[in-house]
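For reference, the structure is listed below as structure tokens.
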Amino acid sequence: MRQWLAAALLAVSVVPVQAACVTTDSAVPAARLEALARGINLAGWMDRPDAPAPNFETLKTLRAAGITHVRLPVPAERVMRRFASEATIEQQLAMVDRAVMQLVALGFSVSIDLHPSSEFSALHRSDPESAMQAMQQAWRSLATVIDNFTPDLVFAELLNEPDIDPVRWQREAEQLAQFVRGLLPRTTLIVGPTNWQRADSLPSFKPLPDRNVVYAIHFYDPMAFTHQGHWDPADPRAAIRGLPFPVRPDDPKVQSLRAQLGANGQHESLHEIDVALAQSASGDLIAAQLEPAVQWQQRYRVPLIINEFGVFKEAAPADSRARWLRGVVAAAQAHCWGWTHWEFDQGFGLTDRAGRLDPAVLDALLQR
């Protein structure tokens, strides 16, 4: 029943994406790429049993506006026996199953993202064998949920932002993909490189032998802008507030902020702005920083998606935030890449605390 419902929804609800700019040599069906075209991350919902559910009326509004995809981060440790009890794992799987059912019923495609915290990442760095066993066990469990739904709408993201050596991750990604493929023969997999899944990490990552895979990068450059007002007071970007985008050396606001940070002796914060200025030297920072991904896709001819990008809204000027978001989406769509905004209703979110959509953000994302 669930697969029949999902297939019917896919047929009537997916907004077409423009023809691919690079003709890809992959086995990912075109309808699945269309289903991944425009998305949001629903961060936090799966973090604990009492986490508040998203505002479903707002989600309906987003779906009607053209959002096609929800990326659902699932805390990796809550589905790994290394870190969780059997009761916790069963509870988490039931949460994920219910969430996917609700999202598919609203007309969204869903990517289930195995999203670790520092606990698994530490294990991953120190004990490769145990980490691989934990990932395989997690996917064996998650596959029982994914198998309830049509593979045209529900996808499996192997691991968010793997924090290990790229050579080792290449081997592990191939091994893990082969394992998950054995569990989910028709499901499209999603995988990305190391080093925060940056575009400039792709040159050290090769496409997997599996051809039913979409490759994912994350984009937050310049970090001084997207992470200004950082939630951790110890982070040098916490002291940066009101930095505009684009970041230009002749902008009086940039000059004033640099002078203020220098006078306060906040040299690490000043360095963050200088990095942003250096990245902006080409004139089009977004295009320049995404260029490694453009070249990588042209070389390998595989599907690509930016499934995280966003601006922490605490201290960023609203007009600059909208300008940056508009620029990233325009760049993605110019290359026919899907995109997934980070995130829905938290610090990077496109809603306020009352669940109201920010019209400027939505207009920027949908290029209106």
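Residue numbers (mature numbering (1 follows the signal peptide of the UniProt record, and there is no 0)): -19 to -1, 1 to 349. Every residue, glycine too, gets a C-beta built ideally from N, C-alpha and C. Just so we're clear, the structure is a prediction, and the values are computed from it rather than from any experiment.
Straight-line Cα distance separating residue j from residue i
| i | j | result |
| --- | --- | --- |
| ALA269 | ALA158 | 31 Å |
| PRO188 | SER99 | 27 Å |
| LEU346 | LEU306 | 6 Å |
| TYR281 | ALA299 | 37 Å |
| PRO10 | VAL194 | 10 Å |
| ALA274 | LEU183 | 6 Å |
| TRP212 | ARG218 | 9 Å |
| GLN72 | VAL309 | 37 Å |
| LEU343 | ARG152 | 39 Å |
| ARG59 | MET116 | 12 Å |
| THR39 | ASP108 | 42 Å |
| GLN260 | PRO225 | 14 Å |
| GLN83 | GLY47 | 18 Å |
| PRO214 | HIS208 | 12 Å |
| SER66 | GLY264 | 52 Å |
Reference residue i; option with closest CA among the options
| i | options | result |
| --- | --- | --- |
| GLY336 | VAL3, LYS41 and VAL55 | LYS41 |
| residue 368 | LYS234, PHE136, ASP213 and PHE293 | Absent from the structure is residue 368, since the part of the chain shown begins at -19 and ends at 349. |
| ASN36 | ALA24, GLY47 and ARG29 | ALA24 |
| TRP277 | SER102, CYS317, ASP181 and GLN83 | ASP181 |
| ALA313 | LEU343, PRO190 and LEU271 | LEU271 |
| VAL256 | ALA240, ALA112, PRO233 and ARG229 | ARG229 |
| PRO30 | ALA80, GLU249, ILE127 and ALA112 | ALA80 |
| GLN156 | ARG179, GLN114, ALA197 and ASP133 | GLN114 |
| SER111 | ALA68, MET61, ASP128 and THR69 | MET61 |
| GLU249 | VAL85, ARG304 and ASP216 | ASP216 |
| SER301 | ASP326, SER263, VAL235 and ALA240 | VAL235 |
| THR131 | ASP108, PRO109 and THR169 | THR169 |
| ILE254 | PRO203, ASN245, ASP231 and ILE70 | PRO203 |
Sequence-distant residues of the same chain with beta carbon closer than 6 Å to residue i, five excluded per side
| i | result |
| --- | --- |
| ARG44 | LEU87 and GLY88 |
| GLN247 | ALA220 |
| GLY330 | GLU324 |
| ASP339 | LEU331 |
CB of residue i within 8 Å of CB of residue j, strictly
| i | j | result |
| --- | --- | --- |
| GLU142 | TRP177 | yes |
| ARG319 | GLY20 | According to the sequence displayed, residue 319 carries Gly and not Arg. Closer than 8 Å, so yes. |
| GLY223 | ALA296 | yes |
| HIS322 | PHE290 | yes |
| HIS96 | VAL55 | yes |
| VAL161 | LEU140 | no |
| LEU53 | MET27 | yes |
| SER92 | ILE171 | yes |
| ILE198 | ILE287 | yes |
| ARG179 | SER7 | no |
| VAL85 | LEU134 | yes |
| GLN279 | VAL3 | yes |
Other residues of its chain near residue i: CB distance less than 7 Å, five sequence neighbours each side excluded
| i | result |
| --- | --- |
| LEU164 | TRP120, ARG121 and ALA124 |
| SER185 | PRO147 and PRO174 |
| ALA1 | Reliability of the predicted coordinates at ALA1 is poor, the pLDDT of 48 falling under 50, and no value is obtained from them. |
| SER102 | ASP144 |
| ALA57 | LEU95, HIS96, PRO97, PHE101 and ALA119 |
| THR5 | ARG282, VAL283 and PRO284 |
| ASP78 | VAL126 and ASN129 |
Residue-level contact to chain B via CB, residue i, 8 Å cutoff
| i | result |
| --- | --- |
| LEU95 | As a matter of chain content, chain B is missing from the structure shown, which is built from one protein chain. |
Cβ shell of residue i (< 8 Å), same chain only, five flanking positions each side left out
| i | result |
| --- | --- |
| TRP150 | PRO143, PRO174, THR175 and PHE186 |
| ALA303 | ALA341, VAL342, ASP344 and ALA345 |
| GLY210 | ARG218, ALA219, ILE221, ARG222, PHE293, GLU295, ALA296 and ALA297 |
| GLN348 | ARG307, VAL310, ALA311 and GLN314 |
| ALA32 | GLY25 and TRP26 |
Residue i beta carbon near the ligand MN (any heavy atom closer than 7 Å)
| i | result |
| --- | --- |
| PHE186 | Because no ligand of any kind appears in the structure shown, any question about the ligand MN cannot be addressed here. |
| request: Report the residue ranges of all alpha helix (DSSP H) runs contained in full by the segment 285 to 316; include only those spanning at least 4 residues, in chain order. | output: If one requires a minimum length of 4 residues, the alpha helix (DSSP H) runs lying completely within the segment 285 to 316 are 299 to 315, in chain order.
| task | Let me know the alpha helix (DSSP H) ranges lying completely inside the segment 184 to 254, each 4 residues or longer, listed in chain order. | result | Qualifying alpha helix (DSSP H) stretches, in chain order: 204 to 207 and 233 to 244.
| field | 4-residue-minimum alpha helix (DSSP H) runs that sit fully inside the segment 101 to 132, ordered along the chain | value | Listed in chain order, they are 109 to 127.
| query | What residue ranges within the segment 14 to 49 form continuous alpha helix (DSSP H) runs of no fewer than 4 residues, ordered along the chain? | reply | Scanning the segment 14 to 49 for uninterrupted alpha helix (DSSP H) segments of 4 residues or longer gives 37 to 46, listed from N- to C-terminal end.
| Which full runs of the beta strand (DSSP E) of 3+ residues lie inside the segment 129 to 182, going along the chain? | For the segment 129 to 182, the continuous beta strand (DSSP E) assignments of 3+ residues that do not extend past its boundaries occur at 135 to 138 and 170 to 172, in sequence order.
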